[in-house]
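Taking it in order: structure first as structure tokens, then the write-up.
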Amino acid sequence: MDPSILRLHAEETFTAELTALLEEDSEQKPYAWKLSPWAVLKYLWGGKTKSGLEISPKYIGDRKIVEIAIATLLSDRALLLLGVPGTAKSWLAEHLSAAICGHSNLLVQGTSGTHEDSLRYGWNYAQLISKGPSKEALVASPVMQAMESGQIVRIEELTRIPTEIQDALISILSEKILPVPELGIEVQARRGFNILASANDQDKGIYPMSSALQRRFNMLVMPLPENLSDEIRIVHQRVQQMEKSLNIPLEKLKEKHIEKLLVIFRELRSGISNDGKQKIKKTKSLFSPAETISMLHHARIQHHYFSDAELGIPDLAHAMIQTFIKDDPEEMNTLSEYNESVLKKRADFKEWYELLKKNI
Numbered sequence: 539m540d541p542s543i544l545r546l547h548a549e550e551t552f553t554a555e556l557t558a559l560l561e562e563d564s565e566q567k568p569y570a571w572k573l574s575p576w577a578v579l580k581y582l583w584g585g586k587t588k589s590g591l592e593i594s595p596k597y598i599g600d601r602k603i604v605e606i607a608i609a610t611l612l613s614d615r616a617l618l619l620l621g622v623p624g625t626a627k628s629w630l631a632e633h634l635s636a637a638i639c640g641h642s643n644l645l646v647q648g649t650s651g652t653h654e655d656s657l658r659y660g661w662n663y664a665q666l667i668s669k670g671p672s673k674e675a676l677v678a679s680p681v682m683q684a685m686e687s688g689q690i691v692r693i694e695e696l697t698r699i700p701t702e703i704q705d706a707l708i709s710i711l712s713e714k715i716l717p718v719p720e721l722g723i724e725v726q727a728r729r730g731f732n733i734l735a736s737a738n739d740q741d742k743g744i745y746p747m748s749s750a751l752q753r754r755f756n757m758l759v760m761p762l763p764e765n766l767s768d769e770i771r772i773v774h775q776r777v778q779q780m781e782k783s784l785n786i787p788l789e790k791l792k793e794k795h796i797e798k799l800l801v802i803f804r805e806l807r808s809g810i811s812n813d814g815k816q817k818i819k820k821t822k823s824l825f826s827p828a829e830t831i832s833m834l835h836h837a838r839i840q841h842h843y844f845s846d847a848e849l850g851i852p853d854l855a856h857a858m859i860q861t862f863i864k865d866d867p868e869e870m871n872t873l874s875e876y877n878e879s880v881l882k883k884r885a886d887f888k889e890w891y892e893l894l895k896k897n898i
């Protein structure tokens with residue numbers, strides 16, 4: 539693997555795990571699948587291989603979510619992972635593709651500028667002009683490539699694609715064919731083909747899905763972590779993985795500091811104290827695990843290069859304040875109110891309270 543690559547595909551990062559699972563997988567595999575459904579679940583949920591290799595969990599939360607996702611991809615219905623930003627939709631989709639297909643690179647990134655060509659096909663205009671419509675001039679979209687090869691194609695941010703462009707998928711999902719009228723042919727989907735899409739319903743600039751398209755997807759809502767211990771595991775694991783990609787000996791974060799930070803974020807996004815006894819003014823931001831992971835990663839990098847002190851609460855408090863300012867300067871009032879009404883009363887949050895009071 540090229541060490542200069544910033545981010546490797548899931549199948550490259552976890553090659554050893556996928557290879558070990560493939561070697562020991564004696565269960566029946568669906569047509570075109572690299573691993574059996576049981577092995578895919580083990581890859582995503584974690585465990586140990588017969589050879590003793592530890593399989594790291596790729597998704598931490600409700601196991602039923604992973605089981606439903608795998609089962610849907612075995613059916614004739616497409617799968618849509620739906621939820622607020624930062625709930626591991628893209629992460630789960632990438633790892634599902636890597637385990638099932640052996641690769642995760644058939645991808646359409648949805649934006650408001652996504653054209654129908656990205657979902658169907660386009661043309662090499664130099665050849666089109668010189669020779670007219672031909673198979674050689676045809677440029678297959680990732681969706682068409684997946685249909686021809688019996689693979690899974692991922693569509694990220696489906697609801698950022700204009701509704702009329704989204705609807706190009708309707709006939710593909712219902713009839714499992716993609717007509718090319720210019721050539722008088724059609725591409726028929728091979729066994730193993732399916733679409734794995736993600737979308738969120740929180741951000742601005744999203745387009746509604748037509749009811750016809752919705753009916754062709756099994757929609758799976760991805761929740762925020764249900765409990766504090768799961769969220770700590772998610773954040774701790776991903777921060778460690780991101781550190782490895784830098785190849786820099788960053789100072790370790792103390793788990794007690796991560797726990798305190800996550801308690802604050804969970805209370806602010808839920809509007810209630812961790813013990814359920816006090817109502818709290820909610821923030822507009824959800825402060826998802828993804829945001830926390832990014833914040834902690836950058837705080838560690840900054841500390842590594844620009845501080846001689848021990849990595850601790852001052853670094854995290856400063857990073858948290860910057861996060862509030864970034865999302866909405868008015869959120870500082872919410873944080874200040876929370877600091878005075880909640881943290882001030884907690885002896886084990888004394889240092890957090892003093893630092894926030896000083897810097898807000």
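Residues 539 to 898, numbered by this note's numbering, are exactly what the sequence shown covers, in order. Backbone N, C-alpha and C define an ideal beta-carbon position, used for all residues, glycine too. Since the structure is predicted, the reported quantities are computational estimates derived from the model, not experimental observations.
First and last residue of the uninterrupted beta strand (DSSP E) at residue i
i, result
"Gln779", "Segment 766 to 784 is the alpha helix (DSSP H) holding Gln779; no beta strand (DSSP E) there."
"Glu694", "690 to 694"
"Arg598", "With the sequence shown as reference, residue 598 is identified as Ile, and Arg is not the correct amino acid for it. First-last for Ile598: undefined, no H or E at that position."
Collapsed DSSP secondary structure at residue i in the structure displayed
i, result
"Leu630", "helix"
"Pro827", "helix"
"Lys714", "coil"
"Ala577", "helix"
"Leu751", "helix"
"Tyr663", "helix"
"Asn756", "strand"
"Val725", "strand"
"Gln860", "helix"
"Asn732", "strand"
7 Å Cβ cutoff met for residue i and residue j
i, j, result
"Leu849", "His856", "no"
"Met747", "Thr625", "no"
"Ala577", "Leu591", "no"
"Ser679", "His547", "no"
"Lys780", "His835", "In the sequence on display, residue 780 carries Met and not Lys. Yes, Cβ-Cβ distance for Met780 and His835 is below 7 Å."
"Thr821", "Glu869", "yes"
Residue burial classification, residue i (beta-carbon count within 10 angstroms, cutoff 16)
i, result
"Pro575", "buried"
"Asp655", "exposed"
"Thr557", "exposed"
"Arg838", "buried"
"Asn765", "exposed"
"Arg692", "buried"
"Asn871", "exposed"
"Gln704", "buried"
Any non-hydrogen atom of the ligand GDP within 6 Å of residue i CB
i, result
"Tyr891", "Questions concerning the ligand GDP fall outside what the structure shown contains, since it holds no ligand whatsoever."
Anticipated Cβ contact below 8 Å, residue i with residue j, distance rounded
i, j, result
"Ala637", "Leu573", "5 Å"
"Leu711", "Ile606", "Wrong, their Cβ atoms sit about 18 Å apart, outside the cutoff."
"Asn662", "Ile690", "That belief does not hold up - the Cβ atoms of Asn662 and Ile690 are roughly 26 Å apart, past 8 Å."
"Glu562", "Lys588", "5 Å"
"Val622", "Leu762", "7 Å"
"Ala737", "Thr697", "4 Å"
For residue i, the first and last residue of its enclosing alpha helix (DSSP H)
i, result
"Ala554", "553 to 562"
"Val681", "680 to 687"
"Leu894", "888 to 897"
"Leu806", "793 to 808"
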